[in-house]
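Count along the sequence shown starting at 1, add 591, and that's the number in the working numbering.
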Amino acid sequence: MLASILILLSAIGVIGANSLLLSPLVTTVGTDLDVSAAQVMQAASAYGLGVAAAALLLAPLGDRYGAGRLLRVALVILAIGLAASALAPNVLALIAAQALCGLAAGAALPSIYTLAVTIAPKGREAQTMGAVLTGWTLSLVLGVSAGAWLTDVLGWRSVYVTLSAGTACLWLLSSGLRLLGTTGNTGTSPLTALKVPGITRGLLATLLLMLAFYITYFFIGAHVTVQLGLSTTQAGLVPLFYGIGFGLAVLVDPLLDRLGPARSTAPVFLVISMIYAAMIPLIGTFHWLLAIAVVWGIFQHLVLNLVVARLTALDPSQRGAIMGLYSTVTYLCIFAVPPFGGLAFATWGLAGCLAISAILCLIEALEALGLRRVRSTGPAAPDAPA
592 MLASILILLS AIGVIGANSL LLSPLVTTVG TDLDVSAAQV MQAASAYGLG VAAAALLLAP
652 LGDRYGAGRL LRVALVILAI GLAASALAPN VLALIAAQAL CGLAAGAALP SIYTLAVTIA
712 PKGREAQTMG AVLTGWTLSL VLGVSAGAWL TDVLGWRSVY VTLSAGTACL WLLSSGLRLL
772 GTTGNTGTSP LTALKVPGIT RGLLATLLLM LAFYITYFFI GAHVTVQLGL STTQAGLVPL
832 FYGIGFGLAV LVDPLLDRLG PARSTAPVFL VISMIYAAMI PLIGTFHWLL AIAVVWGIFQ
892 HLVLNLVVAR LTALDPSQRG AIMGLYSTVT YLCIFAVPPF GGLAFATWGL AGCLAISAIL
952 CLIEALEALG LRRVRSTGPA APDAPA
């Protein structure tokens, strides 16, 4: 099981690194391709659209053919897309290559979450999922930092060559996963997944969590550089400290298994709401901002684990389709936040963004209180995690 966990978290690490890389590399890539930064970032938008489309349309194939098989196909496509990114002669080629990477990531991520639940020993589902989720820390702490260093040494194309080679290695190592995650359900689709009892409230929890996170995360760097007058390097420390906290939370995941999602979700959402609120008076002091970013990362990990566990437990025969909806909602939030969050940031600054995040998480904490009441009525209750 340990080998499988390492493969799954490494796959998330590669996907996450690719999704985060263009932002710090935008100037270098733009100079090399002789285009503006805005044109380069169109590749990031194409990636996001690819993820959302594949998560909605391709993820259900995991229920029919197996999450393991779908993941391995996605890894091949991802390796090709990353190699094409490295070889892109112009920005249009880069946009097309990143769109291909997005399609691969949109199929891979739901498969990874499904496989994490599949390989988890009984009673250790949250611990296993938490270990797999540390791949996001790997991408944030190592992937982006190492990518920036490699760009300075060998150029930006070398980063995509390295990621492509790493993805190819993961495909070779993942042969043992190819028969896992098969449900035999040939009729799954986004429409059938939307009919699963409890899915609406589960996706609402996803929506509130992701909107709350990205409204703060997208603008905290601008706050550090513009409002505090610090350097871009110092602004980069905030996601680094957040990533450290996100990784440390794996030590707490076993507690979620003991308590169960029904008992844990409302309190953890309440705590993360309080964390957002507590950050408001601290945003003027950089060192306090870094300190609370670690705590923020810990509880973001826990609440993400709980939301994913809630969704994967609704209908094991449609996990691929359900997690496809989860990824689609996530990436729609990524598209929605910049315009609306930007308006909040321009009007009220980071404090306004944090206040909105706190309110959104508080709303979900109130919604999640119903999970304990539903669980007490019996296992057949519509919103009770299985």
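Beta carbons are placed, not taken as given, at the ideal position from N, Cα and C, and that holds for glycine.
Beta-carbon gap between residue i and residue j smaller than 7 Å
| i | j | result |
| --- | --- | --- |
| L802 | L951 | yes |
| I883 | L839 | no |
| A696 | V732 | no |
| D906 | A717 | no |
| A646 | G911 | no |
| V605 | V620 | no |
| V723 | L593 | no |
| Q909 | A784 | yes |
| V700 | S918 | It is Leu, not Val, that sits at residue 700 in the sequence shown. Yes, they are a contact pair. |
For residue i, the nearest candidate out of the options (CA to CA)
| i | options | result |
| --- | --- | --- |
| I866 | V843, V626 and Y833 | Y833 |
| S864 | L799, L764, G607 and A675 | L799 |
| P830 | V928, R748, Y808 and G820 | Y808 |
| V815 | I874, I790 and L600 | I874 |
| A698 | A602, V885 and G836 | A602 |
| P872 | A904, G812, L846 and G940 | G940 |
| A942 | G693, A869 and E955 | A869 |
| E958 | V898, I710 and P615 | V898 |
Buried versus exposed call for residue i [16 or more other C-beta atoms within 10 Å across all chains shown]
| i | result |
| --- | --- |
| D743 | exposed |
| H892 | buried |
| W991 | For residue 991 there is no data in the structure shown, the boundaries of the chain being 592 and 977. |
| L934 | exposed |
| P930 | exposed |
Straight-line Cα distance separating residue j from residue i
| i | j | result |
| --- | --- | --- |
| L685 | L960 | 46 Å |
| A644 | A675 | 20 Å |
| A900 | V708 | 8 Å |
| S595 | Y922 | 26 Å |
| S627 | V617 | 9 Å |
| I835 | L880 | 14 Å |
| R655 | T779 | 8 Å |
| A634 | L613 | 8 Å |
| L962 | G657 | 30 Å |
| I668 | L691 | 7 Å |
| A756 | A670 | 7 Å |
| H878 | L842 | 25 Å |
Delimiting residues of the alpha helix (DSSP H) encompassing residue i
| i | result |
| --- | --- |
| D848 | D844 to L850 |
| V831 | First, the amino acid is wrong: residue 831 is Leu here, not Val. Looking at the DSSP string, the run of the alpha helix (DSSP H) that includes L831 is L828 to L839. |
| L685 | V682 to I710 |
| R901 | F877 to T903 |
| P781 | P781 to L785 |
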